[in-house]
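Report on the structure given below.
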Amino acid sequence: MSNEDSSPGMALKTPLLNELESGPWPSFVKDLKEYSKKRPQIVQLLNQLEESYENKWNYWLGKIINVPGYGGGVIARVSEKADKYPALANFHTVRVIEPPGWVYNTAALRNLADSAERHGAGILQLHGMSGDILLLGFDDNGSMNVAEDLMNDGWDIGGSGAAMRTLQCCVGQARCEMACFDTMKTTKFITDSFIEFLHRPEFVYKFKFKLSGCGNDCGNSIVRSDMPIIGTWRGPMQVNQEKVAEFIDEKGLEYLIDNVITRCPTRCLSVRGKELKVEDSECVRCMHCINVMNKALKPGKDRGVTILVGGHRTLKIGDTMSSVLVPFMKLETDEDLENLKEFIERVWEFWNDNGMDHERIGEFIHRVGMATFLDGIGMEPDPRMILRPRTSPYIKFEELAPTRFGGEQTQNPKVWNRESEGPETAD
Amino acid sequence: MSNEDSSPGMALKTPLLNELESGPWPSFVKDLKEYSKKRPQIVQLLNQLEESYENKWNYWLGKIINVPGYGGGVIARVSEKADKYPALANFHTVRVIEPPGWVYNTAALRNLADSAERHGAGILQLHGMSGDILLLGFDDNGSMNVAEDLMNDGWDIGGSGAAMRTLQCCVGQARCEMACFDTMKTTKFITDSFIEFLHRPEFVYKFKFKLSGCGNDCGNSIVRSDMPIIGTWRGPMQVNQEKVAEFIDEKGLEYLIDNVITRCPTRCLSVRGKELKVEDSECVRCMHCINVMNKALKPGKDRGVTILVGGHRTLKIGDTMSSVLVPFMKLETDEDLENLKEFIERVWEFWNDNGMDHERIGEFIHRVGMATFLDGIGMEPDPRMILRPRTSPYIKFEELAPTRFGGEQTQNPKVWNRESEGPETAD
Amino acid sequence: MSEKAMAPRDQGAPDYTQYLHPLMAKNYGKWDYHERLRPGVLVHVAENGDKLYTVRAGSPRTMSADTVRKVCDIADKYCEGFVRFTTRANIEFLLGDASQLDGLINTVEKDLGWPVGGTGPSVSNIAHTQGWLHCNLPGTDAAGSVKAMMDDLIEEFKTESFPNRVHLSTSCCQINCASHGDISVIVQHHHPPRINHDNMQICELPKVVAICPAAAIRPAVVNGNESVEVVQEKCMYCGACHGQCPSMEIRDAQTDTLSIWVGGKMSNARSAPTFMKLAVWGIPNNPPRWPEVSAAIRRILTAYKEGAKDWERVGEWIERIGWQRFFEKTGFPFTKYHIDDSPEALSNLNRSAMVRL
Amino acid sequence: MSEKAMAPRDQGAPDYTQYLHPLMAKNYGKWDYHERLRPGVLVHVAENGDKLYTVRAGSPRTMSADTVRKVCDIADKYCEGFVRFTTRANIEFLLGDASQLDGLINTVEKDLGWPVGGTGPSVSNIAHTQGWLHCNLPGTDAAGSVKAMMDDLIEEFKTESFPNRVHLSTSCCQINCASHGDISVIVQHHHPPRINHDNMQICELPKVVAICPAAAIRPAVVNGNESVEVVQEKCMYCGACHGQCPSMEIRDAQTDTLSIWVGGKMSNARSAPTFMKLAVWGIPNNPPRWPEVSAAIRRILTAYKEGAKDWERVGEWIERIGWQRFFEKTGFPFTKYHIDDSPEALSNLNRSAMVRL
Ligand code: SRM
Ligand code: SRM
Ligand code: SRM
Ligand code: SRM
Ligand code: SF4
Ligand code: SF4
Ligand code: SF4
Ligand code: SF4
Ligand code: SF4
Ligand code: SF4
Ligand code: SF4
Ligand code: SF4
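Structural data, given as structure tokens:
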């Protein structure tokens, strides 16, 4: 039984929230008020929210609850004001794995809406910041039941705790001429290959993938995922010189110079008459010229991905930006995908064996250093991984420093002594 | 008595050094060998140097010796091989303050050569990396005597230890059309104003000024001096459009685009017909366009300096680059110079009161943070001091954090706890 | 508790192929180019000439099951039942028949009440988080503040009048579950956590000690119980401990403030991705409509629209004109708190003589 | 010791005005433009049309009094007695009479034996330091290695065949008294200091403990004497302690190596000043002519000359083509030691998807 009918008679009293009803942007308050007419639980929800607005305070506490066999997928909330709002005593969110690229037919959407309503508060969020479908307002029982129903209808849940998270990808080849690889297929492949890590928290901390078909990064991956996978190409860009000439005729040469030629980050574009010249060897696949001249220019034909590592947002050491780990990898055949899988496993193994509790892989790399990390995952350093080589000459070369004090040669400790004392002492 | 005649009969034996005699570049070995014919001490010097070449080892030790009344100016060296090379028992360098811009007449040069020869080994280095004249090879007595002679002839010495160093400046207005202020005059002004700090080590560590007439920084100041002073201008650049047109006629429009327009760091140049347009408000006075078109373009008329702070080379924390402290200051009148003097005193006071032993001002700023440093010297923060604002949201706002635990409000400690344990515990 | 013991069925991600609009399925990987027909309306043209129309509309992200059903009704009527959502929680109605566009747009705007727009150089939907509706940590509300901001920015969503896309985001605590943005609103705390020592036993002590990035937490015995204490000088009010341990309350309704950050850019176009930088701090957390936030965002957008060149994102524009002029043009004060004091601080100083004068 | 007790006379910097060539004095601050007549020869034209000719020649920096006198003889004959030296320890002969140029150049090159050049886009003199001739800390020689390198680079000094100026430098210990350079040679040590405990009492203990940037030195009692010890894992072989305390020997004739760094740029032209970056390490310290160093520099210069665009300095060229291609073109290996591991390490990673493929 869901908790929707637990307090049928309460009156809605939301003077502050009401100020969010009007105005041209769609109002969740209006929607929920309307919905509350048939769902008394929502009255309580809005009333508690009104108290939050009044007191600038929050009344949800966490707890842990799991669907049997799962270690993640339910974000459990209990209200501090359960006495007053009994329908909010348990008000959990269930995280449902979304279809890659967030594509739906209405049958699927209706199915989600029905499940959400049948067992919970009937509130959906499309979508959470990690990409998944959020269904709100289940009590303990409702959480189990909705999971059961969802599963029966072909959905799956997961992605909380120290586990892999739902992936997220841009629409890619389904509707974009820029896409350099199949983001949706790859998203499904990784999700399915590692589904157990989405279900059960077995890592030192969370791990996120985000996929974008090209450097425009519509998947918003670089700072928000531990492993962004971004489409790119090798070799020459595709240039249709006829369309270049059309572009110049239409927009003018000055427009081309001001908006394309001078904007190339590596200055590898030049115009000769009505032809555009690309010094492909110096193009960094930034996408800008293609964006501006999307009829005339296209990514090259030999496509693949660049894999980055280490992004995460603010908590603890401040935002970390992912950086290049695999400059180029083909990602077309099943074998390519298997390679990717194996590569991910290698990365995970080293991180999970050596990472500290609650240490994202970016924080881990920050602590041990990229060189050590590469050693650990068995990869050769590549200058494309860096912006520039080191500037400090204080280096401990293993090769050059045979032991001089007798006994064992000391390990190669980091030049800069960066262990933070907090986490380590507790480890 | 100088130590030149102390071992007259020794034979020169320098097979390795001899390999540096031939070849087109002027050879100090050849020069010194020649010179050793009349100065037996040089034979010993070359012979000891030969041993260094043989053993890749050095035989000089330091000691401390001062000209009475001075705390600096003599870099004292004694040879570990004094038994074998008695003429090298004491072989000090005297640091003589150079004429700003390294301009000489031959009388002055001859005078230096004579003094160097009269009291020491007769070896000169023109010039040391901090700009001064180095005279080599004095024993204790010779050091005193050469100082006396130099002083009588109008020279002065100094610049070692935890003291101000000799300044160094580019040729500036004496022979350069780019110069935006009088580097030589300012160099002499600072030297003379603070001459006691050049003579006596009274700081926590050394302090260097280097001056360049414009952003080309021919004085090589930005990483090698604690306070670079670099010429610049406010308001519009001087553009002679006739000469621009001549330039285009001579070199071609493409040359202009490829070498000037596209090279401007802030993209504030454009060409309209044969006219060059400068968006002066966005010009960062980098000098590039003026360098390329030095007949057509000139710095603007309202000139002054940008003062930076914090440069030093590698030792301890690795190289630090100076950064902007005073975006613009006029430096023309005597009053302007007095302002500069007062400003320097303010900076020194805060650094010397709070710096640790052997802590360059750049290291000091690194430790306490630029914001604290500005507070300390009583300057308002200016966005031109920074490349970009902070990206980490963990800030301790004094204004926003009234005490909540009773008692005194805690001081505003740094967000990132950066005190290195070594130096501080020992302080 | 349900009787059924549910072993995980490891079903994985839904089979997306069944959800692809027929034109998507047919032209998968074979798109040639696209055009923006009007704000909110795209046409993607396939190599074979097929045209797929997309109508993008602003969604509140949080919606009732009934609202979802309304969306489905529209999609059934106009889109052969196919829709998708975007990275920024907008909805996209997909259709092959251009003649249906006007009807669809009309229905979406009038009946559903969702504005069409958010494409090209417009202000798109604001990426945001749970807030007081569901999370246990928020210092402010997310959906509510976004509603207020977007009401103010509605014309910027419905027109394409900026030099480039403007992506906004807002988070409800310093954990910042939301994305970086060209302009972002975040919460800041101003005190060390208050410890509820009576409740402390529920936590695993080492975890909360270990999580503190400033090494400010240490075990302590308080009133005879095992608990922790916080070295106030070291604490940087990040709230990491609060996420781990509800007994370490970091929020304070009286003193928490909002701040606005600018210049976050995740695309690689032209310039490398950049973090967002502090623009203005100390903004009151002022429900239900946070007018001070909207006003500050408006100042930034106005200056950006006036000053930037085509294709310059907010951060790129500021880099070109310099931060001094950004502060001039927006009127925000530049303070010592804007100066980085992280371990990378030196590299964010102006280490050159390049100065705009 | 001299009997005279010499109070400092605080005479300060010499009065430079007496040393200015008459044309310099006359046109001080009134120069209009300059031209390079041929490598090593400049003419500066004043607003009033006056022309001042400069002949730049490479100097060994270290010279005997007799050599200084020879220089003076030349300056007296051709230059009204006026010369100057440059930031890079070159000499500049100044004259007003163009007809004297050939004679002067001939005399300088033939009689004095100093090459004329070093102007414009050439390889100028190498900024360098004391070395075994005078310092107490050097691991290699400076003047000698510079002589060997410049012998090799003589044509590059005497012609102007590069895209832009090339400024080299070399230092003789890790203190690095020399300047940053487009290409720089420095010494690297590979062990913690060896402590001479018997000699330790001569030092102020706290000073040497305090100076260590890695906090690796701690007071210790050795054989009953107060001394120090070094925590080997922490020590980064910087040699700061050695500068402070001669009993902490950092050098090792067997294992010290040289490394080459590229891309130091101090001018603000076009791009902001940049530090130099590691190019190649582990080069033998090989007197008397260090051929491996010259060979490595040659490789860099060749690639630079071929690949760079006009006005690009070495570092700017590499930034444009990318480090991968720098390593390809020079043939140096890229190793894990090239990856920054300082506290700023993250910001030197390629934090973008911008990759040359
Ligand atoms: C639908 C969506 C992908 C998806 O799978 O959901 C998408 C779709 C397109 N993006 Fe995007 N982008 C989408 C999120 C993003 C994001 C991620 C985000 O917003 O969190 C980014 C990176 C944001 C950042 O940099 O911070 C993004 C940065 C771009 C760019 C690069 C802009 C730039 O110059 O920096 C382009 C290129 C362009 O504008 O021509 C682009 C271009 C496009 C194109 C034109 C690609 C194409 O040829 O179809 C599509 C857009 C039409 C339009 O005019 O809006 N898209 N795009 C996302 C729509 C979000 C929304 O509802 O507003
Ligand atoms: C629901 C969601 C926000 C939303 O409204 O969309 C969310 C909500 C929470 N996040 Fe988040 N995060 C959500 C996406 C993110 C993102 C964005 C992303 O994934 O792209 C981030 C930043 C990117 C990153 O991973 O760094 C994010 C960074 C965090 C962090 C900090 C992680 C870190 O390493 O810095 C925490 C705290 C933690 O893990 O201890 C956190 C923790 C939480 C918790 C579980 C708070 C807690 O510890 O109890 C929140 C649960 C709220 C609730 O009641 O449902 N959440 N969280 C997003 C997840 C929905 C989904 O799965 O689709
Ligand atoms: C004589 C000297 C100044 C002095 O007071 O001694 C000097 C003189 C001139 N420099 Fe310089 N620079 C001198 C050291 C420097 C230094 C410092 C150094 O070498 O340590 C730098 C900065 C080095 C760096 O960036 O690492 C320097 C960076 C420049 C630049 C900027 C080059 C660039 O594009 O990055 C210019 C502009 C140019 O080349 O047009 C310049 C231009 C000039 C001009 C053309 C200025 C003028 O109009 O008279 C003078 C040069 C003639 C020529 O072609 O060589 N000078 N110049 C120095 C000669 C050194 C030498 O003997 O080779
Ligand atoms: C002579 C000279 C090198 C040369 O051959 O030109 C030199 C020589 C010495 N330097 Fe230096 N430094 C010389 C310019 C520099 C420079 C370059 C500059 O000033 O532009 C630097 C780098 C810039 C800087 O200041 O950071 C420099 C950075 C150092 C340092 C490291 C300082 C630091 O904070 O990192 C030391 C070590 C120390 O101070 O403890 C040092 C120490 C020394 C000592 C005194 C070694 C010692 O502690 O006994 C050397 C004495 C050698 C001798 O026997 O004469 N020297 N020293 C230069 C001074 C001559 C002059 O006054 O003109
Ligand atoms: S990231 Fe690239 S491929 Fe993906 S939607 Fe954006 S532009 Fe298209
Ligand atoms: S994709 Fe970017 S780097 Fe490549 S040519 Fe175009 S603008 Fe230049
Ligand atoms: S720094 Fe400027 S003023 Fe000084 S010599 Fe160089 S170009 Fe001339
Ligand atoms: S001086 Fe530099 S910044 Fe100014 S216009 Fe010229 S090239 Fe641009
Ligand atoms: S930002 Fe903070 S309060 Fe908001 S959803 Fe994320 S963890 Fe919760
Ligand atoms: S708020 Fe952050 S810094 Fe302060 S005690 Fe908690 S975890 Fe540590
Ligand atoms: S670099 Fe080292 S060895 Fe050379 S002069 Fe400077 S301190 Fe002495
Ligand atoms: S070499 Fe450097 S790091 Fe090592 S003990 Fe000496 S000062 Fe410390």
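Residue numbers (my numbering), protein chains in the order written: chain A, 1 to 427; chain B, 1 to 427; chain C, 1 to 357; chain D, 1 to 357. From the three backbone atoms N, C-alpha and C, an ideal C-beta is built for every residue, glycine too.
How about residue i: is its Cβ closer than 6 Å to a heavy atom in ligand 4?
i	result
A:Ser447	The shown model of chain A, from 1 to 427, leaves out residue 447 of chain A, and the question about it has no answer.
D:Thr129	yes
Would you kindly check if the distance between the Cβ of residue j and the Cβ of residue i is under 7 Å?
i	j	result
D:Cys235	D:Ala214	yes
C:Arg320	C:Glu249	no
C:Leu258	C:Ile283	yes
D:Ala89	D:Arg61	yes
A:Ser143	A:Val94	yes
A:Phe364	A:Gly376	no
B:Trp25	D:Lys147	yes
C:Glu156	C:Val123	yes
A:Leu198	A:Met164	yes
B:Tyr205	B:Glu359	yes
D:Asn136	B:Trp57	no
Return yes when the C-beta of residue i is under 6 Å from any heavy atom of ligand 5, and no when it is not.
i	result
A:Gly172	yes
Flag residue i as yes when its Cβ comes closer than 6 Å to any non-hydrogen atom of ligand 10, and as no otherwise.
i	result
C:Ile217	yes
May I ask whether a heavy atom of ligand 7 can be found less than 6 Å away from the beta carbon of residue i?
i	result
B:Gly213	yes
Residue i: beta carbon under 6 Å from a heavy atom of ligand 2?
i	result
C:Ile175	yes
Heavy atom of ligand 12 less than 6 Å from the Cβ of residue i, yes or no?
i	result
B:Tyr53	no
Run the proximity test for residue i: is its beta-carbon closer than 6 Å to any non-hydrogen atom belonging to ligand 11?
i	result
D:Cys241	no
For a test of your reading of the model: does the CB of residue i fall under 6 Å from any non-hydrogen atom of ligand 9? Yes or no.
i	result
C:Cys135	yes
Check your understanding: Which residues, in order along the region 251-269 of chain A, keep a beta-carbon less than 7 Å from a beta-carbon of chain B?
Key -> Answer set for the region 251-269 of chain A: Thr262 and Arg267.
Review point. Which ranges does the beta strand (DSSP E) cover as unbroken runs of at least 3 residues, wholly within the region 165-214 of chain C, from first to last along the chain?
Key: As summarised for the region 165-214 of chain C, the continuous beta strand (DSSP E) elements at least 3 residues long and confined to that stretch are 168-170 and 183-188, given in chain order.
Review point. What are the uninterrupted segments assigned as alpha helix (DSSP H) that are 4 or more residues long and contained completely in the region 222-254 of chain D, given in chain order?
Key: As far as the region 222-254 of chain D is concerned, its whole alpha helix (DSSP H) runs of at least 4 residues are 240-244.
Exercise for review: For the region 58-92 of chain A, list the beta strand (DSSP E) runs that are entirely contained and at least 3 residues long, ordered along the chain.
Suggested key: For the region 58-92 of chain A, whole beta strand (DSSP E) runs of length 3 or above, ordered along the chain, are 60-63 and 74-79.
Check your understanding: If you measure beta-carbon to beta-carbon, which residues of the region 296-318 of chain A are closer than 7 Å to chain B?
Key -> Look at the region 296-318 of chain A: the residues with a C-beta under 7 Å from a C-beta of chain B are Thr314 and Gly318.
**Study point:** Minimum length 4: unbroken alpha helix (DSSP H) runs contained in the region 195-270 of chain B
**Key:** Within the region 195-270 of chain B, the complete alpha helix (DSSP H) runs of at least 4 residues are 195-199, 241-251 and 253-259.
Review point. When you check each C-beta in the region 60-91 of chain B against every C-beta of chain D, which residues fall closer than 7 Å?
Key: Those would be Trp60, Leu61, Gly62, Val67, Pro68, Gly69, Tyr70 and Arg77, in chain order.
Practice item. May I ask you to list, following chain order, the residues of the region 128-161 of chain B that have a beta carbon less than 7 Å from some beta carbon of chain D? Key: Of all residues in the region 128-161 of chain B, only Met129, Leu136, Asp140, Asn141, Met144, Asn145, Ala147, Glu148, Met151, Gly154, Trp155 and Asp156 place a beta-carbon less than 7 Å from a beta-carbon of chain D.
Point to revise | Interfacial residues, the region 170-185 of chain A to chain C, with Cβ spacing under 9 Å | key: Of all residues in the region 170-185 of chain A, Cys170, Val171, Gly172, Gln173, Ala174, Arg175, Cys176, Glu177, Met178, Ala179, Asp182, Met184 and Lys185 have a Cβ within less than 9 Å of some Cβ in chain C.
Exercise for review: Compile a chain-ordered list of the residues in the region 21-34 of chain D whose CB is closer than 7 Å to at least one CB of chain A.
Suggested key: From the region 21-34 of chain D, no residue has a Cβ closer than 7 Å to chain A.
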